[in-house]
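These notes are about the structure you will find just below.
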Amino acid sequence: MLRYLSPARGRGESSTSPLPSDAPQLKLHVTNWGVLILPAPDSAGGDPRHDPILHGELDVRVPGPRRCKRIRVGLRSIIRLDMGGGRRIEEDVLFERKVEIIGASTDGLWLSPGSQRFAFTIIIPSNLAVHDTHSNGKITHELYAELEGMPLPEPESQPRPHGSSSSLFGMRRSSKRSPPAGQSGSGSRAPSPNRARRSLFDISSIPPSGTSTPIGHGAPAAPLALAGALANLALENGRASPTVASANPYSGPGSGSTSPSAGIDGAAQHINPALLASEYSFSVTRQEIPYLPRIPSYEDTNFTEQASQTPWVAGTHRAKKHIMIVYNPNSLGTTNELHDRANGRVRGLGEWEMTMASDVWSICALMNISLNVTSIPATTTIFAVRLALAQSWAIISPRDTEAENRLTGSRSFALFENGKRPPVGQHYPDKHFQAIWRGTGAGGTDQATKDGGELNLISTVRLPTDEHVRPTTLPGVVTPLTVSHNIVLEVFFSVWGEDDRGQPMKVPGPGGLRLLRVSRPTTLPSCALIPEVIDLPAYEEHERDALAPDEDSIEMLQRGMEGAGPLGDPGWALCACGRKLEDMEARMRAAVMQEANADLDPVPHDKVVAERGRQGRLGSC
Numbered sequence: 001m002l003r004y005l006s007p008a009r010g011r012g013e014s015s016t017s018p019l020p021s022d023a024p025q026l027k028l029h030v031t032n033w034g035v036l037i038l039p040a041p042d043s044a045g046g047d048p049r050h051d052p053i054l055h056g057e058l059d060v061r062v063p064g065p066r067r068c069k070r071i072r073v074g075l076r077s078i079i080r081l082d083m084g085g086g087r088r089i090e091e092d093v094l095f096e097r098k099v100e101i102i103g104a105s106t107d108g109l110w111l112s113p114g115s116q117r118f119a120f121t122i123i124i125p126s127n128l129a130v131h132d133t134h135s136n137g138k139i140t141h142e143l144y145a146e147l148e149g150m151p152l153p154e155p156e157s158q159p160r161p162h163g164s165s166s167s168l169f170g171m172r173r174s175s176k177r178s179p180p181a182g183q184s185g186s187g188s189r190a191p192s193p194n195r196a197r198r199s200l201f202d203i204s205s206i207p208p209s210g211t212s213t214p215i216g217h218g219a220p221a222a223p224l225a226l227a228g229a230l231a232n233l234a235l236e237n238g239r240a241s242p243t244v245a246s247a248n249p250y251s252g253p254g255s256g257s258t259s260p261s262a263g264i265d266g267a268a269q270h271i272n273p274a275l276l277a278s279e280y281s282f283s284v285t286r287q288e289i290p291y292l293p294r295i296p297s298y299e300d301t302n303f304t305e306q307a308s309q310t311p312w313v314a315g316t317h318r319a320k321k322h323i324m325i326v327y328n329p330n331s332l333g334t335t336n337e338l339h340d341r342a343n344g345r346v347r348g349l350g351e352w353e354m355t356m357a358s359d360v361w362s363i364c365a366l367m368n369i370s371l372n373v374t375s376i377p378a379t380t381t382i383f384a385v386r387l388a389l390a391q392s393w394a395i396i397s398p399r400d401t402e403a404e405n406r407l408t409g410s411r412s413f414a415l416f417e418n419g420k421r422p423p424v425g426q427h428y429p430d431k432h433f434q435a436i437w438r439g440t441g442a443g444g445t446d447q448a449t450k451d452g453g454e455l456n457l458i459s460t461v462r463l464p465t466d467e468h469v470r471p472t473t474l475p476g477v478v479t480p481l482t483v484s485h486n487i488v489l490e491v492f493f494s495v496w497g498e499d500d501r502g503q504p505m506k507v508p509g510p511g512g513l514r515l516l517r518v519s520r521p522t523t524l525p526s527c528a529l530i531p532e533v534i535d536l537p538a539y540e541e542h543e544r545d546a547l548a549p550d551e552d553s554i555e556m557l558q559r560g561m562e563g564a565g566p567l568g569d570p571g572w573a574l575c576a577c578g579r580k581l582e583d584m585e586a587r588m589r590a591a592v593m594q595e596a597n598a599d600l601d602p603v604p605h606d607k608v609v610a611e612r613g614r615q616g617r618l619g620s621c
């Protein structure tokens, strides 16, 4: 839905203040700096049942009375992939939905001098892919606005250069460009320069020309699972609903209905048929301007003459803003916690137990870990203990079947390490290699009782930032790019007189190097899910809603497009990546003390506090 509100007031500028040029200015306003925090999808494989809604406002400022043909606001999800193997960069639209207001007569829409506000509402699928960035792929969401006036005159035909420029991926692409169109002062600016680009993909640097591989009718069929689900993203509840047809009565040049496959610049884009279930996949809502001041009828001779003299807006003017979608795994909508425990017994090492805990579990979170090894034989040597976060990803192009050209990869991030693993090639390390525990039976000094030796390791570690780690893909999210995580424990040890398989050696000596490896799957939420952002404040602390300021603040995003932490506004907290270590440690200590006090007093006097604590424990990972 898109509707006219009123002339804009109270945004720091007068609605009649002069503009720097005659060009209209468009500015998009959304709350929370464009970060949409959504609940986890209902179920995997089912149709969305509770689709969220994106609300916002569009400010349109004109230097004087103007007329235009239509005003449009839309949300577009784009994926760019480099699948390798000689294939060019692929660009596809995963989802697009737009709303617009068009003129009901040849006189078009009347715009008053200064600013006017338009409220828009766009329904978003509850299983839409999140924004993501990897070395071979990138998913972004663009909120855009268009104000369409009279088309600009066609420029005189000039010979186009036949040269080509090198693309970011070392391939060749055509250097031809689209004819220039009127460009408005967009409220969305480039991401903050304080973060270096970590991907070869850049929306602003990859034009549609020469980079997208169009798919014709001879393209391979899309997989039923992925492509069918991607097609349903563009439909409400997975069902096709016809577009509200309302032809523009204006009969001048450039008139006509809008094609669902038309891009922002008005040019037809090559849309992958695998992503579309029908010609109605793009949902367009049009209104016959009941909310706009309409030019009076021709009986009013004086005003009719004035209307005929009102100039038209020349060209099409645009603005865009990057939208970030974040899913919260906690069904209660609060912060996530981590309480995980693993234990076991290994021959030659003894009994081990590992615990991991975090009061606010997310990317760049603080985590307490402890490893307790007991019943260690006197002939055992423990060289090193390592804890790492393993991230795995998989990409399936919407243009391929699931069985072909599936790109996978993994990366490990060291979180904790005590000791040093013997160099590669040392299969039987002796006592000259450093060890964190070496029993007397292996030439060491660590004593073992009749029950065996003991090793205790305790540490507090911090996870990497979102520059390197991406959130875990939740079940039910329809995306060609999936991410999973595991926490991996590794213990390197040996037993005197035994080989790496635990068999006795013919000649007793330093034992063969062994490895205990334990992998624990985990769901890693986004760094935006911190208490300052999603938890309700106490009544005495609540002063005002955490709404975005009136001016466009996309440039204040601490992490640019890929992050979720605005920087510079004192009324908004940073994401976990921007939090100070000492602040996180103080918060964790307070949480530990609160939990200890709760254990001492199992029945709190305050029922509200008791219920709040119970819900928090239910929301732990």
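Take the sequence shown: its letter number 108 is residue 108 in UniProt numbering, and every next letter is one higher.
Ideal placement from N, C-alpha and C gives every residue a C-beta, glycine not left out.
Owing to the predicted nature of the structure, the values given are computational and were not obtained by experimental measurement.
Could you check whether I325 and H141 sit closer than 8 Å to each other, using their CB atoms as the reference points? It is a contact, given that the beta carbons lie within the stated cut-off.
In three-state DSSP terms, what is E467? Judged by DSSP in its simplified three-state form, E467 adopts coil rather than helix or strand.
Rounded to whole angstroms, how far is the Cβ of H131 from the Cβ of I122, which I believe are closer than 8 Å? Contact doesn't hold; Cβ gap of about 16 Å is too wide.
What's the gap between the Cα of L81 and the Cα of N328? 26 Å
What residue from I124, G103, C68, L109 has the CA that sits closest to L94's CA? I124
Just tell me which of V313, L109, H322 has its CA closest to the CA of G74. The candidate whose alpha carbon is nearest that of G74 is H322.
Mark T449 as exposed unless 16 or more other C-beta atoms lie within 10 angstroms of its C-beta, in which case mark it buried. exposed
Between the C-alpha atoms of F433 and V424, what's the straight-line distance to the nearest angstrom? 13 Å
Kindly confirm or deny that the region 60 to 80 and the region 383 to 391 touch, where touching means at least three C-beta pairs closer than 8 Å. no
Secondary structure at E353, three-state DSSP: helix, strand or coil? strand
Could you spell out where the beta strand (DSSP E) holding I89 opens and where it closes? First-last for I89: undefined, no H or E at that position.
Alpha carbon of I215 to alpha carbon of A129, nearest angstrom: Any answer about I215 is weak, because its pLDDT of 34 lies below 50 and its placement is not dependable; what the coordinates show is given next. Taking the straight line joining both Cα atoms gives about 22 Å.
Any non-hydrogen atom of the ligand ATP within 7 Å of T472 CB: The ligand ATP is not among the ligands present in this structure, which contains no ligands whatsoever.
State the beta-bridge partners of S410 as determined by DSSP. Bridge partners of S410: S392.
When the Cα atoms are used, what is the spatial distance from S412 to I102? Cα to Cα, the separation comes out at about 53 Å.
Terminal residues of the alpha helix (DSSP H) in which P531 lies: 531 to 534
Pairwise C-alpha distance: K580 and V533: When rounded, the distance between both Cα atoms is 16 Å.
What does the alpha-carbon distance come out to for the pair T522 and W361? 10 Å
K27: which of L463, I71, G578, P422 sits nearest, CA to CA? I71
Would you check if the region 337 to 355 and the region 470 to 482 touch, i.e. whether three or more CB-CB distances between them fall below 8 Å? The region 470 to 482 vs the region 337 to 355: no contact.
Going by the DSSP bridge assignment, what does T522 pair with across the sheet? H485
State the DSSP-derived secondary structure class of S205, mapped to helix, strand or coil. Per-residue confidence for S205 stands at a pLDDT of 38, beneath the threshold of 50, marking its modelled position as unreliable; the derived number appears in the next sentence. Three-state result, S205: helix.
Pick out whichever of R587, C575, K98 has its Cα sitting closest to the Cα of V35. C575
Give me the Cα-Cα distance between D359 and V373, rounded to the nearest whole angstrom. 25 Å
Give the DSSP bridge partners of P422, in chain order. Answer by DSSP bridge pairing: none, since P422 is not bridged.
Give a yes or no on whether the C-beta atoms belonging to residue 666 and C364 are separated by under 8 Å. Not covered by the structure: residue 666. The range shown for the chain is 1 to 621.
Quick one: give me the first and last residue of the beta strand (DSSP E) that R117 is part of. 114 to 123
Three-state secondary structure assigned by DSSP to Q434: coil
To the nearest angstrom, how far is it from the Cα of L407 to the Cα of D400? 11 Å
When you compare only the Cα positions, how much space is there between R66 and A319? 18 Å
Terminal residues of the beta strand (DSSP E) in which T140 lies: 137 to 148
Quick check on the DSSP output: the beta strand (DSSP E) that includes V73 runs from which residue to which? 70 to 81
Between the alpha carbons of D535 and L332, how many angstroms are there, rounded? One C-alpha to the other measures close to 10 Å.
Quick check: T379 and V461, are their CB atoms within less than 8 Å of each other? no
Nonlocal neighbours in the same chain, by C-beta distance under 8 Å from M83, ignoring five residues either side: E90, N136, I395, S397, D400, N405, L407
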